[in-house]
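Protein chains in written order, with full-length UniProt numbering: chain A, 1 to 477; chain B, 1 to 200.
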Ligand code: SF4
């Protein structure tokens, strides 16, 4: 006990601490570690075969009290009281309902107050906490790392594994520190930070790493902003993104449905305070970004790493040194129907999508509404606003945001993934160009032949007013 | 997964080589939400031909498939194994298997025994001369027995061990059940719980 001969523990990173505290069995001779999973989020697309596997093997769900399901990918955002028209979507959702009922799993169905995108629902209920492990059969599970949790996406066989054992065999990862220091200028947001980071390290620059975002600009972000940053860690190829918990985290959590209370709260905070990376801990890689000089950022290509400042122009592939990157840029410009040298701000759009697990929380909607207030949308531009959860929708309506949105000429929809991936009817038509607050600008992601420019809610709003890619600053004068 | 020691049942001679997983289960069946119920999808295109071997009533209830070389090549779809299992097959014997297919099989309790081409021909002839005859696949002895015919087969040691022990990945993890239970006992009370449902 506290003897001076006790060796001083080596300094560790946030990610290493969370890993160590979830070790059930340490793997030997190159075999993976067995890690305990604190929270398992389930949705309709990646779970059916996992439930079936349990059924075939006669296995129960080990910890129903650590598992929660919601419907999001296939849910319609209009006429939610009517049967779902598309049979594949309907069957996937009905299958989740049957499975949840059979296994006794908590499910928030379409029409329920807590229904919504799985990565919006977890934090909103106070289930996502610092220092826990979170998994979901969905790559954007990295969102939950904003709380200092270790959160990553898994495949269907792993979903079954977690349902059956509440653990996962996992191989260790590398750590990357991404330090963003400085103060963001007005009109520049969390989305611009992460788009700039991905453009800097590349869409596969984070492969094999858990990213830790740090620095004064990250500390200054709200929880919503931090979630936006961690959400897109996966777009840099990373396994997870994390941000150390602090007072902002605690203030967000306190009082939520499933947040600890009383003595539990005090114990939790005491533990959470031990989580931040120790002084002197070593990361396998380090990246720096200056927040002071950052502009609103926007993508021009078909992967999230192909981005530039909104005040820049479409890059010229001929000037790209790496042959693979050059070829990819040429293909992307062709798909996007863009000409090198065109100022980004001169690119007209057909649609604006405000939503997805990246940017559909109440703060995102407030930001969007603050810009469009008193304006009407540009002629011929379709503007769709999709809250991340039913609760966000209600909150927004209580604040009157829906009135601003509807008076602007935008469509105010019900919660779900919607046009982020177009599994439901919300899709782009071939050739349509969209400014989207979502996270993937892959070919056809928002609908076959659709063209996506990833933007922040502020840029989405200004673009919806002007009809060309714009920032709020362009509205003045 | 059930422990596999021996299986005795009707054998089917599939006189074809290079049966890829697209043939075992066509892509159109991959949209399903289940991992079971793929029996009708197995060889779906071939089964439209009334002379296809599985359409012969003599082979009803088959449990062992004897196929030509390069069985299960191509796409990695685990559905190919699900379809064979759902149809009722417990073992496939072939002179050569696609690697991914063989890996997937081990996870789903399907024995893939590698036999010589000569033995394959012997088994085919025996089965065709007496359609519906049963054969035994013995994983302990690593051989198949059909009447007087005894045919040795190869299978990866680790896969064989897992099949004999009836261990899938989950079962392997559950060998650490006590460690998991001990870990659970040490978890803090403030950690998140989805149940019971709470409203602040
Ligand atoms: S909003 Fe988009 S990225 Fe997020 S979970 Fe849904 S489909 Fe995936």
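We put the beta carbon where it would ideally sit given N, CA and C, even for glycine.
Keep in mind the model is a prediction, meaning the values are calculated, not measured.
Residue i - DSSP class collapsed to helix/strand/coil
{"i": "residue 248/A", "result": "helix"}
{"i": "residue 116/B", "result": "coil"}
{"i": "residue 353/A", "result": "strand"}
{"i": "residue 161/B", "result": "helix"}
{"i": "residue 4/B", "result": "coil"}
{"i": "residue 48/A", "result": "helix"}
{"i": "residue 29/B", "result": "helix"}
{"i": "residue 29/A", "result": "coil"}
{"i": "residue 213/A", "result": "strand"}
{"i": "residue 1/A", "result": "Below a pLDDT of 50, predicted positions are generally treated as unreliable, and residue 1/A, at 42, falls in that range; the measurement from the model is reported next regardless. DSSP places residue 1/A in coil when its eight states are reduced to three."}
{"i": "residue 36/B", "result": "coil"}
{"i": "residue 453/A", "result": "strand"}
{"i": "residue 147/B", "result": "coil"}
{"i": "residue 147/A", "result": "helix"}
{"i": "residue 71/B", "result": "strand"}
{"i": "residue 199/B", "result": "coil"}
{"i": "residue 437/A", "result": "coil"}
{"i": "residue 336/A", "result": "helix"}
{"i": "residue 472/A", "result": "helix"}
{"i": "residue 218/A", "result": "helix"}
{"i": "residue 266/A", "result": "helix"}
{"i": "residue 344/A", "result": "helix"}
{"i": "residue 91/A", "result": "helix"}
{"i": "residue 9/B", "result": "strand"}
Range of the contiguous beta strand (DSSP E) that encloses residue i
{"i": "residue 185/B", "result": "No beta strand (DSSP E) contains residue 185/B, which is instead part of the alpha helix (DSSP H) from 177–185."}
{"i": "residue 288/A", "result": "285–290"}
{"i": "residue 175/A", "result": "174–181"}
{"i": "residue 119/A", "result": "No beta strand (DSSP E) contains residue 119/A, which is instead part of the alpha helix (DSSP H) from 118–124."}
{"i": "residue 105/A", "result": "It is not in any beta strand (DSSP E) - residue 105/A carries neither H nor E in the DSSP assignment."}
{"i": "residue 201/B", "result": "This structure leaves residue 201/B out entirely; chain B is present only between 1 and 200."}
{"i": "residue 83/A", "result": "No beta strand (DSSP E) holds residue 83/A; DSSP gives it neither H nor E."}
{"i": "residue 153/A", "result": "150–153"}
{"i": "residue 94/B", "result": "91–94"}
{"i": "residue 39/A", "result": "39–42"}
{"i": "residue 174/B", "result": "Note, residue 174/B: premise wrong, no beta strand (DSSP E); alpha helix (DSSP H) at 169–174."}
{"i": "residue 134/A", "result": "133–136"}
{"i": "residue 164/A", "result": "That residue, residue 164/A, is in no beta strand (DSSP E); its alpha helix (DSSP H) goes 156–165."}
Euclidean distance between Cα positions of residue i and residue j
{"i": "residue 275/A", "j": "residue 241/A", "result": "15 Å"}
{"i": "residue 39/A", "j": "residue 108/B", "result": "27 Å"}
{"i": "residue 190/B", "j": "residue 435/A", "result": "42 Å"}
{"i": "residue 420/A", "j": "residue 224/A", "result": "18 Å"}
{"i": "residue 43/B", "j": "residue 57/A", "result": "25 Å"}
{"i": "residue 94/A", "j": "residue 72/A", "result": "13 Å"}
{"i": "residue 333/A", "j": "residue 457/A", "result": "24 Å"}
{"i": "residue 60/A", "j": "residue 409/A", "result": "49 Å"}
{"i": "residue 260/A", "j": "residue 130/A", "result": "12 Å"}
{"i": "residue 183/B", "j": "residue 166/A", "result": "11 Å"}
{"i": "residue 3/A", "j": "residue 11/A", "result": "Only weak support is given to the placement of residue 3/A: the predicted model assigns it a pLDDT of 47, under 50, and the value that follows is read from those uncertain coordinates. Their backbone Cα atoms lie some 19 Å apart in a straight line."}
{"i": "residue 141/A", "j": "residue 60/B", "result": "47 Å"}
{"i": "residue 291/A", "j": "residue 202/A", "result": "18 Å"}
{"i": "residue 19/A", "j": "residue 221/A", "result": "25 Å"}
{"i": "residue 144/A", "j": "residue 98/A", "result": "27 Å"}
{"i": "residue 1/A", "j": "residue 50/A", "result": "Residue confidence is low: residue 1/A scores 42 on pLDDT, short of 50, so the model does not pin down where it sits. Its coordinate-derived value is still stated next. Straight-line Cα distance between these residues: approximately 47 Å."}
{"i": "residue 110/B", "j": "residue 22/A", "result": "34 Å"}
{"i": "residue 445/A", "j": "residue 121/B", "result": "50 Å"}
{"i": "residue 137/A", "j": "residue 231/A", "result": "14 Å"}
{"i": "residue 39/B", "j": "residue 24/B", "result": "11 Å"}
{"i": "residue 474/A", "j": "residue 447/A", "result": "29 Å"}
{"i": "residue 89/B", "j": "residue 138/B", "result": "15 Å"}
{"i": "residue 83/A", "j": "residue 416/A", "result": "16 Å"}
Terminal residues of the alpha helix (DSSP H) in which residue i lies
{"i": "residue 18/A", "result": "14–20"}
{"i": "residue 86/B", "result": "79–87"}
{"i": "residue 136/B", "result": "Segment 134–138 is the beta strand (DSSP E) holding residue 136/B; no alpha helix (DSSP H) there."}
{"i": "residue 101/B", "result": "99–107"}
{"i": "residue 198/A", "result": "190–201"}
{"i": "residue 225/A", "result": "223–231"}
{"i": "residue 274/A", "result": "Premise fails: residue 274/A is in no alpha helix (DSSP H) and is neither H nor E."}
{"i": "residue 21/B", "result": "21–24"}
_Runs of alpha helix (DSSP H) wholly within the stretch 373–435 of chain A (minimum 4 residues, chain order)_ = 390–398, 401–408
_Ranges of the beta strand (DSSP E) found wholly within the stretch 302–331 of chain A, counting only runs of at least 3_ = 307–309
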